[in-house]
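Data first, discussion second: the structure below is written as structure tokens.
Residue numbers (my numbering), protein chains in the order written: chain A, 356 to 471; chain B, 98 to 211.
Below is the structure:
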């Protein structure tokens with residue numbers, strides 16, 4: 356079946372602009388995660404959805420970042436007033452059974468965001 | 098706070114040689130442990146994971162990892178490296194209980210010489 360997909364694959368914007376990044380999880384996966392990967396670093400957790408609600412948003416760096424998952428499937432990460440420091444690859448992952456010990460997160464290819 | 102250390106930023110090995118990538122974690126209890134591989138333009142792919150039980154874990158592509166509680170380590174190994182193994186490798190931990198965020202190390206870039 357299809358894996359996690361993310362659109363766009365690349366996004367170039369100007370400082371101060373608003374951007375939206377989309378994630379389509381694997382069908383049937385209840386949990387969805389967003390991570391950010393800066394150059395030369397490992398991914399860093401941003402937010403985790405269980406169904407429609409954000410179960411853990413402790414990784415969002417500030418209030419310019421917001422994410423939604425209104426129908427429990429597709430999620431959108433929204434960044435307001437972008438800054439050059441927001442440039443990174445934004446990764447989305449989904450998992451089928453986050454309440455189990457054997458749960459695994461499956462990652463999408465990411466969206467590379469460049470803020471000029 | 099939990100943390101993951103991958104002390105080797107870059108490693109170069111010859112094709113056919115053995116490989117060991119190091120990973121140490123800092124956490125009060127035993128977390129769940131993972132190794133992921135990331136090739137250019139590709140998403141992270143899970144190689145293997147440890148939750149409990151046998152401390153030697155087998156994964157895909159001929160990789161294995163051994164959990165050593167006394168050393169807080171989860172090193173990744175492969176007996177014979179193929180050129181296609183060139184990629185970046187990430188160790189990650191997750192708090193026990195599932196449904197939680199992964200904390201990643203900074204990664205080890207593997208280069209394979211033919």
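C-beta: ideal position from N, C-alpha, C; glycine also.
So the beta strand (DSSP E) residue 211 (chain B) belongs to, where does it begin and stop? Under the DSSP assignment, residue 211 (chain B) falls outside any beta strand (DSSP E); it carries neither an H nor an E label.
Under 8 Å by Cβ, that's how I've got residue 180 (chain B) and residue 209 (chain B) pegged, so tell me the actual separation to the nearest angstrom. Sure, about 5 Å apart at Cβ, within 8 Å.
Since residue 443 (chain A) and residue 422 (chain A) should fall inside the 8 Å C-beta cutoff, what is the C-beta to C-beta distance between them, to a whole number of angstroms? That pair is no contact at about 15 Å.
Can you have a look at residue 197 (chain B) and say buried or exposed, based on whether 16 or more other CB atoms are within 10 angstroms of its CB? Buried, by the Cβ-count rule.
Residue 414 (chain A) by DSSP, collapsed to three states: which one? Reduced to three states, the DSSP call for residue 414 (chain A) is coil.
Span of the beta strand (DSSP E) holding residue 107 (chain B)? Looking at the DSSP string, the run of the beta strand (DSSP E) that includes residue 107 (chain B) is 107-111.
Apply the 10 Å Cβ neighbour rule to residue 393 (chain A) and answer buried if 16 or more other Cβ atoms are within range, or exposed otherwise. Exposed, since its Cβ has fewer than 16 Cβ neighbours within 10 Å.
Rounded to a whole number of angstroms, what is the C-alpha to C-alpha distance between residue 388 (chain A) and residue 129 (chain B)? CA-CA distance, residue 388 (chain A) to residue 129 (chain B), rounds to 17 Å.
Residue-chain proximity (residue 205 (chain B), chain A), Cβ-Cβ < 7 Å: Not one chain A Cβ lies under 7 Å of residue 205 (chain B).
So, residue 471 (chain A) versus residue 369 (chain A), is the Cβ gap smaller than 7 Å? Cβ atoms of residue 471 (chain A) and residue 369 (chain A): closer than 7 Å.
Are there 16 or more other CB atoms within 10 angstroms of the CB of residue 182 (chain B), so buried, or fewer, so exposed? It counts as buried.
Here's the rule: buried if 16 or more other CB atoms are within 10 angstroms of the residue's CB, otherwise exposed. What is residue 438 (chain A)? Residue 438 (chain A) counts as exposed, since fewer than 16 other C-beta atoms from the protein chains shown sit within 10 angstroms of its C-beta.
Assign residue 107 (chain B) to one of two classes, buried (16 or more other C-beta atoms within 10 Å of its C-beta) or exposed (fewer than that). That one is exposed.
Same chain, Cβ closer than 6 Å to residue 169 (chain B), neighbours up to 5 away in sequence not counted: Around residue 169 (chain B): 121 and 122.
Where do the N-terminal and C-terminal ends of the beta strand (DSSP E) with residue 404 (chain A) fall, by residue? Annotation: the continuous beta strand (DSSP E) that includes residue 404 (chain A) extends over 399-405.
Counting only beta-carbon separations shorter than 7 Å, does residue 463 (chain A) have a partner in chain B? Taking Cβ atoms only, chain B reaches closer than 7 Å to residue 463 (chain A), which makes this a yes.
Residue 451 (chain A) versus residue 201 (chain B) - alpha carbon distance: Going from the Cα of residue 451 (chain A) to the Cα of residue 201 (chain B) covers about 21 Å.
Given residue 189 (chain B), which residues of its chain have a CB within under 8 Å of its CB, disregarding the five upstream and five downstream residues? Only 101, 130, 131, 132, 133, 199, 200, 201 and 202 meet the Cβ criterion.
As assigned by DSSP and simplified to three states, the class of residue 379 (chain A): Note: residue 379 (chain A) maps to strand in three-state DSSP.
Strictly under 7 Å for the Cβ-Cβ distance: is residue 416 (chain A) near chain B by that measure? Not closer than 7 Å to any Cβ of chain B, the Cβ of residue 416 (chain A) fails to qualify, so no.
Cβ of residue 107 (chain B) versus every heavy atom of the ligand ZN: is any distance shorter than 6 Å? You won't find the ligand ZN in this model; it holds no ligand whatsoever.
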